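The working numbering puts the first residue of the sequence shown at 13, with every later residue one more than the last.
The beta-carbon is built from N, C-alpha and C at its ideal position, and this holds for glycine as well.
Here the structure is a predicted model, which means the values were calculated and not measured.
Here the structure comes first, spelled out in structure tokens, and everything after it is commentary.
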Amino acid sequence: MTIRKNYNLEQLDSLKEEILDIINLYENHLYSISRIADEKKISHETVRRVLVDNAVIRRQKNSKLSR
């Protein structure tokens with residue numbers, strides 16, 4: 013899906029900052045997940061597969077709800 017909108021420079025700077033904040037939060041969550049997996053001796057590959065499976069299930073549920 014592509015969303016096109018005309019932004020002025022001030023809006024772009026604000027949007028860039030919001031995106032960087034989101035990326036930072038995402039990286040922090042991944043670090044936490046990785047640390048917990050290490051503590052529980054769960055492989056990172058297993059964690060990755062579970063995260064992907066959950067994302068697919070969530071997407072399917074959202075898709076059904078939006079119909």
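In the three-state reduction of the DSSP assignment, N66 falls in the helix class, which pools H, G and I.
Separation of the CB atoms of V59 and A49 is rounded to 5 Å, and the pair is thereby assigned contact status at 8 Å. Between H56 and S44 the beta-carbon gap is near 13 Å, outside 8 Å, which marks them as no contact.
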